[in-house]
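Just so you know, our numbering puts 454 at position 43 of the sequence shown, and the rest follows in order with no gaps. All residues carry an ideal CB built from backbone N, CA and C; glycine is no exception. Below: one structure, written as structure tokens.
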Amino acid sequence: MSLLSRDIKYVGGVGEVRARLLEREVGVRTIGDLIYRFPYRYIDRTRIWALSEIDESTESTYVQLRCRITGLSYTGEGAKRRLIVEISDTTGLGELVWFHGIRWIEKRLEVGRDYIIFGRPSIFRNRISIIHPEIEPVEQAMSRKQESGFQGIYASTEKLSQAIGTRAMYTIIHNAWQLIAADSTAISDPLTEDMRRRNGLIPLREALYNIHFPQSQEKLRAAQYRLKYDELLGVQLTIQARRSQRKAANNGFVFPRVGDAFNTFYKQKLPFNLTGAQQRVIKEIRADMISGKQMNRLLQGDVGSGKTMVAFMSMLLAVDNGYQACIMAPTEILARQHYATMTRFAEGLPNVRVAIITGASRAKERREALAGIASGEVNILVGTHALIEDRVQFANLAYVVIDEQHRFGVEQRAKLWTKNLQPPHILVMTATPIPRTLAMTLYGDLEVSVIDELPPGRQPIRTYHYYDSARLRMFGFLKQEIAKHRQVYIVYPLIKESEKMDYKDLYDGFESISRDFPLPQYRTAVCHGKMRNEDKEAAMQQFKRGEADILIATSVIEVGVDVPNATVMVIESAERFGLSQLHQLRGRVGRGGEQSYCILMSGEKLSKESRARLEAMCATNDGFELSELDLKLRGAGDIHGTQQSGEAFELNIANLASDTQIMQLTRDEAIAILDDDPRLEKAKNIPLVQLRNRYQKREKIDFSNIS
Ligand code: ADP
Ligand code: MG
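See the structure below:
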């Protein structure tokens, strides 16, 4: 058995108990697992901080101190008992606090002696205090040979860090490395020398050593570069293999005919001229549909760019060839809206019948729709998740449109596949632009179409940020707009953890608006997630028909609602929304020819990130620009789709936001490798299989409690 696959219990300092704890808490079972968990940061162990250097600005940074213990004391009783240790250096005073393991720790401390202390200080009542620091007598610390001046800090969980502190973890990895150092075959490099040279990569062994024990900043950077490269190459080998399999399969439905439904609609019913971008995308889709390959296409188009029309017209292509098509929307309201639009479009078209199925469908509507779908009489089906329920049996489904992809995971998409033996064409539409890097990983096996042009006559939306104190001014502005017979959205955030409070916000807001905007001059409707579907629908319809001037809502209207006469979007507590959500909400206005506005309301106190988000919103209407910024502000892990995508790409070291260039390099490399050897069967490529598998299906770790 190779060294890396050996159980970690054999590593010095681990043993059975710690081994099982490591496995349970962070999924580390073998020496290889251990070595492939990289530090997420490093501290400079050569640096000793002075107490006087510590203040609010250094809070939550790790520091190393050299201090004398000047006193021990205890407070509290029983479970509340804690040990307080007073410390000082030549520059100041501080205290160390222990809640657990007091008896064990007090035996090891001695007043008057000097210690090296390591931890994260906080400032409490003007005092520097460190809770549960690591501590060791100076002589002992000095005598230990350090492998490197930088000490890696490894992600841990609360339970794990109680049993194995940062220093103990470091020692364990150090011991593991001693075993590797003694075994020249322990690490074999999956990349040939030629490949390394071409890409400027250091050998794997050297990279792994330096990632744990950096010998210099430069070596650390080289190590990171190499390991990121491996990781992203593994990812790309997976994605590109899937893509080429799909392309080789040749089992796509073919729609050779452009028939009566499409032509009648195009020549007689099209309510406006298509934009150049819409025309181009319809052509792209049509080309896929006659290619014999299954289409798997992502359609990105900013809010209001007219994706629905593209969906509808491409669905007509399926109908003209005797097949069924369906469109799946993320919410009931949006499904109803698509149904209304498509029914209107389909009126008078030969052989087109539209039906709807949602969770809220009444028995009769549902029964009729199901029968029509099973017989093939219905050929355009609109719906929500209810569409992928097993009861819905299609006669000959050949085309599936998924609107607003971020609500649907890959797994749900896959479910649609299994409804047929022959996979239907898939069009995934999203208004949330996905940055290039992310698109390359998450959607690497999708073709991408972009609608990069808004219908003519749209004026850019003006966005302003107001503090809550300027509310009356904002109300005044709303009144002006309403006097021009325009309509207004006012949106409140809804965050699950504090639902009660959120609804209170909404109702308080509703009350104050009802006071300031009295009937009969002003008509107000409310719509939120807790309401019954019928009531929600009624409120939306009221607003749509122009019977309400103001719609007060939680973000239920976030996606897709189309009311061209609405010109103002007010977002309350805007600092609580993510950037892409803000942008989505803003897209609800500016759909007609009138100048539209988005007003972001917030409290005075804003975090740096919140402020950056609001400023970005005021500065640009460009969804792509915003999504790139979002990625930078939040990091890729947070972006929609990554968690719910069902893809097991848990990136260990690479960063989707900043490693674009490596991503591109590995993508090209992966394509070249697979072109030459699609199944990685050639001897020289066998090691790459391992590399790929390492990054596939990596055990998911619960990151919620990692400190
Ligand atoms: P989204 O891409 O956000 O789904 P929609 O499909 O809802 O956008 O379209 C937004 C609005 O623009 C709708 O009212 C639609 O009828 C209108 N629209 C779409 N295409 C055009 C066009 N080519 N010219 C004028 N208006 C259009
Ligand atoms: Mg839409």
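Classified as exposed, glutamine 589 has fewer than 16 neighbouring CB atoms from the shown chains inside 10 Å of its CB. Secondary structure note for methionine 840: its beta strand (DSSP E) is the uninterrupted segment 836–841. DSSP, reduced to helix, strand and coil, places glycine 794 within a strand of the structure shown. For tyrosine 526, there is no enclosing alpha helix (DSSP H); the enclosing beta strand (DSSP E) has its first and last residue at 525–530. The three-state secondary structure of valine 979, taken from DSSP, is strand.
Under the three-state reduction of DSSP output, asparagine 610 falls in the helix class.
Between the C-alpha atoms of isoleucine 872 and arginine 452 there is a straight-line separation of about 42 Å. Taking a C-beta distance under 7 Å as the contact criterion, isoleucine 528 and leucine 476 qualify as a contact pair. Annotation for lysine 630: Asn621 place their beta carbon closer than 6 Å to its own, counting only its chain and skipping 5 residues before and after. For lysine 718, the distance from the CB to the nearest heavy atom of ligand 2 is below 6 Å. One Cα belongs to valine 972, the other to tyrosine 565, and the distance between them is close to 46 Å.
In this chain, phenylalanine 561 is not harboured by any alpha helix (DSSP H); it is covered by the beta strand (DSSP E) spanning 561–564. In the three-state DSSP reduction, tyrosine 677 falls in the helix class (H, G or I). If you draw a 10 Å sphere on the C-beta of histidine 796, you find 16 or more other C-beta atoms in it, and that means buried. Two segments are said to touch when three or more pairs of C-beta atoms, one from each, lie closer than 8 Å; by this definition the region 1004–1012 does not touch the region 715–728.
Relative to ligand 1, the beta carbon of threonine 686 is positioned inside 6 Å of a heavy atom. One alpha carbon belongs to isoleucine 516, the other to serine 559, and they sit about 27 Å apart. Judged by DSSP in its simplified three-state form, histidine 876 adopts strand.
Alanine 1094 and serine 599 have their C-alpha atoms spaced approximately 14 Å apart. Distance from aspartate 1086 to asparagine 1096 at the Cβ level is roughly 12 Å; contact not present, criterion being Cβ atoms closer than 8 Å.
The beta carbon of alanine 634 lies closer than 6 Å to those of Ala618, Asn621 and Ile622 in the same chain, with the five residues before and after it left out. For the pair alanine 736 and tyrosine 810, the CB atoms are nearer than the 7 Å cut-off. Per DSSP, the unbroken alpha helix (DSSP H) holding tyrosine 640 starts and ends at 628–660. The Cβ neighbour count for alanine 1081, taken over all protein chains shown within 10 Å, is at least 16; the residue is labelled buried. Inter-residue distance for glutamine 992 and tyrosine 903 is about 12 Å (C-alpha atoms, whole angstroms).
Cβ-Cβ distances below 6 Å link isoleucine 465 to Pro532 and Ile539 in the same chain, with the five nearest sequence neighbours on each side left out; the list follows chain order.
Annotated three-state conformation of methionine 1028 is helix, per DSSP. Going by DSSP, tyrosine 421 is part of no alpha helix (DSSP H) at all; its letter is neither H nor E. Residue side-chain check: phenylalanine 756 keeps its Cβ at 6 Å or more from all non-hydrogen atoms of ligand 1. Rounded to the nearest angstrom, the Cβ distance from arginine 1078 to glycine 645 is 12 Å, too far for a contact under 8 Å. Between the region 704–722 and the region 892–900, the count of C-beta pairs closer than 8 Å stays below three; the two stretches do not touch. Inter-residue distance for leucine 1076 and glycine 611 is about 12 Å (C-alpha atoms, whole angstroms). Annotated three-state conformation of alanine 780 is helix, per DSSP. Within the region 468–548, the complete alpha helix (DSSP H) segments of 4 residues or longer fall at 513–517, listed in chain order.
In this structure serine 702 touches glycine 663 by the C-beta definition: roughly 7 Å separates them, less than 8 Å.
Measuring C-alpha to C-alpha distances from leucine 857 to each of Thr874, Leu865, Val839 and Pro866 identifies Val839 as the nearest.
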